[in-house]
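Colleague: Here the protein sequences come in this chain order: C and V. Residues 1 to 381 (our numbering) are what the first sequence spells out, left to right. Residues 382 to 738 (our numbering) are what the second sequence spells out, left to right. Got a structure here, written out as structure tokens. Questions coming.
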Amino acid sequence: MIIPRKHAFGCSRPCTESMASRLLAMPRPERDCTHFMRKILALIGVLLAVHVALQFVHPAGAVAAPTGNALDVGIVFDLGGRGDKSFNDGAYIGAMRAAKELGARVRFVEPGEGSDREAGLRLLAAEGMDLVIGVGFIFTDDLTSLAKEYPNVAFAGVDYAVTIDKNGNAVAPPKNLAALKFREEQGSFLVGAMAALVGNSKKVGFVGGMDSPLIHKFEAGYRAGVKQVCPDCEVIAQYAGVTPEAFRNPGRGKELALSQYQQGVNVIYHASGSTGLGVFEAARTLDKYGIGVDADQYKEAPGHVLSSMVKRVDNAVFDAIKRVADKSFTGGIYSFGLAEDGVGYVYDEHNKALIPDAVRQRLEALKAEIVAGRITVPSTK
Amino acid sequence: MNARLRATFEEAVLPPLVALAVAFVAGDLLILMYGQAPGAVWRLLFDGTWGKAYGFGQVLYKATTLTCTGLAVAMSLRAGLFNIGAEGQLAAGGFGAAVVGLWLPVGTPAIIAVPLCVMAACLAGGAVGAVPGVLRAKFGAHEVIVTIMSNFIVLALLNYIVSAKLHVPETLHTPAMHAGAVPRLSGVIAGFHGSAANWTIVIVVAACAAAWWYLFRTRAGYELRAVGLQPDAAEYAGVRVGNTWRNALMLSGALAGLGGVNFVLGYKNYYEDGFAGGAGFLGIAVALVGRNHPLGVLLAALFFATLSQGGLAINAMVPKQIVEVLQGIVIIAVATSVPEVRRVLRNAAGKLAGGRA
Numbered sequence: 001m002i003i004p005r006k007h008a009f010g011c012s013r014p015c016t017e018s019m020a021s022r023l024l025a026m027p028r029p030e031r032d033c034t035h036f037m038r039k040i041l042a043l044i045g046v047l048l049a050v051h052v053a054l055q056f057v058h059p060a061g062a063v064a065a066p067t068g069n070a071l072d073v074g075i076v077f078d079l080g081g082r083g084d085k086s087f088n089d090g091a092y093i094g095a096m097r098a099a100k101e102l103g104a105r106v107r108f109v110e111p112g113e114g115s116d117r118e119a120g121l122r123l124l125a126a127e128g129m130d131l132v133i134g135v136g137f138i139f140t141d142d143l144t145s146l147a148k149e150y151p152n153v154a155f156a157g158v159d160y161a162v163t164i165d166k167n168g169n170a171v172a173p174p175k176n177l178a179a180l181k182f183r184e185e186q187g188s189f190l191v192g193a194m195a196a197l198v199g200n201s202k203k204v205g206f207v208g209g210m211d212s213p214l215i216h217k218f219e220a221g222y223r224a225g226v227k228q229v230c231p232d233c234e235v236i237a238q239y240a241g242v243t244p245e246a247f248r249n250p251g252r253g254k255e256l257a258l259s260q261y262q263q264g265v266n267v268i269y270h271a272s273g274s275t276g277l278g279v280f281e282a283a284r285t286l287d288k289y290g291i292g293v294d295a296d297q298y299k300e301a302p303g304h305v306l307s308s309m310v311k312r313v314d315n316a317v318f319d320a321i322k323r324v325a326d327k328s329f330t331g332g333i334y335s336f337g338l339a340e341d342g343v344g345y346v347y348d349e350h351n352k353a354l355i356p357d358a359v360r361q362r363l364e365a366l367k368a369e370i371v372a373g374r375i376t377v378p379s380t381k
Numbered sequence: 382m383n384a385r386l387r388a389t390f391e392e393a394v395l396p397p398l399v400a401l402a403v404a405f406v407a408g409d410l411l412i413l414m415y416g417q418a419p420g421a422v423w424r425l426l427f428d429g430t431w432g433k434a435y436g437f438g439q440v441l442y443k444a445t446t447l448t449c450t451g452l453a454v455a456m457s458l459r460a461g462l463f464n465i466g467a468e469g470q471l472a473a474g475g476f477g478a479a480v481v482g483l484w485l486p487v488g489t490p491a492i493i494a495v496p497l498c499v500m501a502a503c504l505a506g507g508a509v510g511a512v513p514g515v516l517r518a519k520f521g522a523h524e525v526i527v528t529i530m531s532n533f534i535v536l537a538l539l540n541y542i543v544s545a546k547l548h549v550p551e552t553l554h555t556p557a558m559h560a561g562a563v564p565r566l567s568g569v570i571a572g573f574h575g576s577a578a579n580w581t582i583v584i585v586v587a588a589c590a591a592a593w594w595y596l597f598r599t600r601a602g603y604e605l606r607a608v609g610l611q612p613d614a615a616e617y618a619g620v621r622v623g624n625t626w627r628n629a630l631m632l633s634g635a636l637a638g639l640g641g642v643n644f645v646l647g648y649k650n651y652y653e654d655g656f657a658g659g660a661g662f663l664g665i666a667v668a669l670v671g672r673n674h675p676l677g678v679l680l681a682a683l684f685f686a687t688l689s690q691g692g693l694a695i696n697a698m699v700p701k702q703i704v705e706v707l708q709g710i711v712i713i714a715v716a717t718s719v720p721e722v723r724r725v726l727r728n729a730a731g732k733l734a735g736g737r738a
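Here it is, written out as structure tokens:
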């Protein structure tokens, strides 16, 4: 803090001076300070000279800001940013694929605070990007207003929250805005069937994060999947809480999972963010199985993660870019389900051994029936 | 008079200048390390901020919030207290303004609604600040601990209220206010179109002037500074130290809370969970670089706002984190040239030398 009447650069008189003299205006010794100040000014001068000199350095490979008529795509991440192993990374992967396969030039913006979301979108839109994507439901309002303001730019919002009017009908987003939604219930249906078939104990578990319509969608699909292959199976469904905190509570997740496993459940599907890490922890402790969500969570507990219900944000983002590339982009609600490869379950070299071939065949048959429209998966409880 | 001017120059202007020069060179080196040309990147940063009306509007918007949190921290530091709770107080202020805006009937004239919302913001922030103030005055509880912890409590509480009781489905914000919206500057200056800069900046600049008046032209302000310099001496001189501490933290909280109106009244017209986004913590840096002087805080807020907005602009060529590194460099450079820090360092060096001898 500033103490009045005292020099900045160590020129103050000794600390023994009295309180009163500090508070009152007192003359100060001057001579030695002048010398010090000259040194500081010289330092500033040298630094500025170096700075000016460095302005003329052009390293090889330095790029100019992108211009030209290639396909320009701008993506604004959510505050979590890249490295979340879920949403934002998914969008990144999709965009990089578009860069490789479609020659799109992609620019990313990582906001630092709330108002940066709109600023980032606006920055990209004002630069004449062909497509601007906001990753996460939180961009909903900003995307809606910007899409109206820049009618010639295409916009897309991952998990865009479609407004429901008073009569319960969805309000269509602006004509140049694509709402990229996922039919999580379809993927949940398949892992529900998987849980019932692999668990083989007439009881399966579900741990949800925040008790909310969004997560009820997962539970509804899961229940339907269980009933499809095992009508007399019981689904034990529990939620970690009623606030967003419920998505960040591994302790609670472990508690719920342990009690479910002890009731005879062998497989638990979680849709609960990092709360699910507690579910895997419980699975490891009791040598049971958990099913992951959003991204492939095998690595969280190798050998105990039966599979994961994945949301393919990368495919949705790639699809949007591709539509802009071949000029078939229109606004509206795009729903990504099993048919569009927008949701699915993980089956790879890691968990192959955990899923018997018969189960795999059954799941693929169910998937085909959903894609063909012969099975309709409910999205509400 | 000449000597006085020079003292001001040395105390208040030189340290930030040194910091700025160091930051420029460090920035050059970082940009070179990333394989880009410094000249081009700085130009991009300038174009995205002061070079364009829109960018400048964004800088003004960000500086408005930072000025409030910077003033809040400066006010408490002048009293010798370290308020780290500006983040929570800022959020509480925004929430208070939004709730009053929701509670007012539709169509309440702005002349009534805006002052009510602003008062609500100050009261909410001040109430949060009063808790550590009273605890410090009555029980000697350390304000650093209490204010840090109050952030968690306030933010979690607001998060609960918004997400469980007051949010629009599928979002994390309250419904839009019925009254109390403050128009944007773009209504008068067309070039600002699209930027969030709004008329609350006038309220904040007025608050800045009021804070200066209070600190340097009133008896209470004099007492506050005296307590900040040496509480025992101030008490001996007849100042009621406990009351001064309490008032300082309350005022500090109210100033931080005032920052919430920038987002709530001026930008979105609703409270959104997490809107503070670190502006409260950055206020500590603003106060430090602004040398705890209201005018300095104003300039420092503009500087940090420029870095923050510029970070978005240069994102095309270099990672945005470069500006975060620059922020850190400026803070360290100013901190080491602040007299108190230098004295501590010198004493430590003296002790070391004495120990060896």
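By construction, the Cβ of each residue, glycine as well, lies at the ideal position given by its N, Cα and C atoms. Predicted model only: the values in this text are computed from it and were never measured.
When the distance is taken between beta carbons, is L256(C) closer than 8 angstroms to V226(C)?
Modeller: It is not a contact, given that the beta carbons lie outside the stated cut-off.
Colleague: Distance check for F77(C) and I493(V), CA to CA, integer angstroms please.
Modeller: Rounded to the nearest angstrom, the two C-alpha atoms are 39 angstroms apart.
Colleague: Anyone know if the C-beta pair for L646(V) and G561(V) falls short of 8 angstroms?
Modeller: Contact: yes.
Colleague: Flag A532(V) as yes if its beta-carbon sits less than 8 angstroms from any beta-carbon of chain C, otherwise no.
Modeller: Looking at the sequence shown, residue 532(V) is not Ala but Asn. Not one chain C Cβ lies under 8 angstroms of N532(V).
Colleague: By the 9 angstroms beta-carbon criterion, what residues does the segment 460-482 of chain V contribute toward chain C?
Modeller: Here the close residues are G461.
Colleague: Within 8 angstroms (strictly less), CB to CB, does Y595(V) reach chain C?
Modeller: Not an interface residue.
Colleague: Is the CB of E524(V) under 8 angstroms away from at least one CB in chain C?
Modeller: No - not a single Cβ of chain C is within 8 angstroms of the one on E524(V).
Colleague: Tell me the DSSP secondary structure of I268(C) in three-state form.
Modeller: Strand at I268(C).
Colleague: Determine the DSSP secondary structure at K433(V), reduced to helix, strand or coil.
Modeller: Of the three classes helix, strand and coil, the one that applies to K433(V) here is coil, per DSSP.
Colleague: For a quick check, are the C-beta atoms of N176(C) and A147(C) less than 8 angstroms apart?
Modeller: Yes.
Colleague: Alpha carbon to alpha carbon, what distance is there between E281(C) and R122(C)?
Modeller: Rounded to whole angstroms, R122(C) to E281(C) spans 43 angstroms at the Cα level.
Colleague: Mind checking if N579(V) is an interface residue toward chain C, Cβ cutoff 8 angstroms exclusive?
Modeller: Not one chain C Cβ lies under 8 angstroms of N579(V).
Colleague: Quick one: which chain C residues come within Cβ less than 8 angstroms of A694(V)?
Modeller: Near A694(V) (Cβ distances below 8 angstroms), the residues of chain C are L123.
Colleague: Establish whether the CB of S86(C) and some CB of chain V are separated by less than 8 angstroms.
Modeller: It does not; no Cβ of chain V falls within 8 angstroms.
Colleague: Below 8 angstroms between beta carbons: does that hold for G94(C) and F318(C)?
Modeller: Result yes, Cβ atoms of G94(C) and F318(C) sit closer than 8 angstroms.
Colleague: Output yes if chain V places a C-beta closer than 8 angstroms to the C-beta of M26(C); else output no.
Modeller: Unreliable placement is indicated for M26(C), whose pLDDT of 43 sits below 50; the coordinate value is still reported in the next sentence. Not an interface residue.
Colleague: Closer than 6 angstroms by C-beta to H574(V): which residues in its own chain qualify, once you throw out the five before and the five after it? Chain order, please.
Modeller: Same-chain partners within the cutoff: S567.
Colleague: Excluding sequence positions up to five away, which residues of its chain have a Cβ less than 7 angstroms from the Cβ of K443(V)?
Modeller: Hits under 7 angstroms: A686, S689, Q690.
Colleague: Note down, in chain order, all residues in the segment 109-140 of chain C with a beta-carbon under 9 angstroms from any beta-carbon belonging to chain V.
Modeller: Per Cβ criterion, the list reads V109, E110, P111, G112, E113, G114, S115, D116, E118, A119, G120, R122, L123, A126, E127, F137, I138, T140.
Colleague: Give the DSSP-derived three-state secondary structure of I236(C) in the structure shown.
Modeller: Three-state result, I236(C): strand.
Colleague: Just to confirm my understanding: we take G273(C), look at its own chain, exclude 5 residues before and 5 after, and list those with CB closer than 7 angstroms. What are they?
Modeller: So the qualifying residues of the chain are G209, F247, R248.
Colleague: The beta strand (DSSP E) with I355(C) in it runs from where to where?
Modeller: From DSSP, I355(C) is part of no beta strand (DSSP E); its letter is neither H nor E.
Colleague: Evaluate the contact criterion for the segment 667-681 of chain V versus the segment 372-379 of chain C: three or more CB pairs, one atom per stretch, below 8 angstroms.
Modeller: Contact between the segment 667-681 of chain V and the segment 372-379 of chain C is absent, because fewer than three Cβ pairs lie under 8 angstroms.
Colleague: Using C-beta distances below 6 angstroms, list every residue in its chain close to F189(C), excluding the 5 sequence neighbours before and after it, in chain order.
Modeller: Taken in chain order, the residues that qualify are G221, A224, G225, V377.
Colleague: For the segment 232-251 of chain C, which residues have a CB atom closer than 8 angstroms to at least one CB atom of chain V, in sequence order?
Modeller: Listed by position along the chain: V242, T243, P244, E245.
Colleague: Is the number of C-beta pairs between the segment 145-162 of chain C and the segment 694-702 of chain V that are closer than 8 angstroms three or more?
Modeller: Short answer: they don't touch.
Colleague: Which residues in the same chain as F9(C) place their Cβ atom closer than 8 angstroms to its Cβ, once the five residues preceding and following it in sequence are excluded?
Modeller: At F9(C) the pLDDT is 45, less than 50, meaning the model places this residue with poor confidence; the figure from the coordinates comes in the next sentence. So the list reads C33, F36, M37, I40, once near-sequence residues are dropped.
Colleague: Measuring straight from C-alpha to C-alpha, what distance separates V563(V) and G482(V)?
Modeller: Each residue's alpha carbon lies about 11 angstroms from the other.
Colleague: How would you write the range of the alpha helix (DSSP H) that A635(V) sits in, first residue to last?
Modeller: Counting along the chain, the alpha helix (DSSP H) containing A635(V) begins and ends at 622-639.
Colleague: Per the DSSP calculation, E653(V) is bridged to which residue(s)?
Modeller: DSSP output for E653(V) lists H554(V) as bridge partner(s).
Colleague: Determine the chain V residues that contact F56(C) at a beta-carbon separation under 8 angstroms, and present them in chain order.
Modeller: Chain V residues near F56(C): G420.
Colleague: N540(V) versus chain C: which residues are under 9 angstroms apart at the beta carbon?
Modeller: The contacting residues are T243, P244, E245.
Colleague: Taking the alpha-carbon positions, what's the A532(V) to G659(V) distance?
Modeller: The residue asked about is misnamed: residue 532(V) is Asn in this sequence, not Ala. Rounded to the nearest angstrom, the two C-alpha atoms are 11 angstroms apart.
Colleague: Quick one: which chain C residues come within Cβ less than 9 angstroms of E616(V)?
Modeller: None at all; the shortest Cβ gap to chain C is about 11 angstroms.
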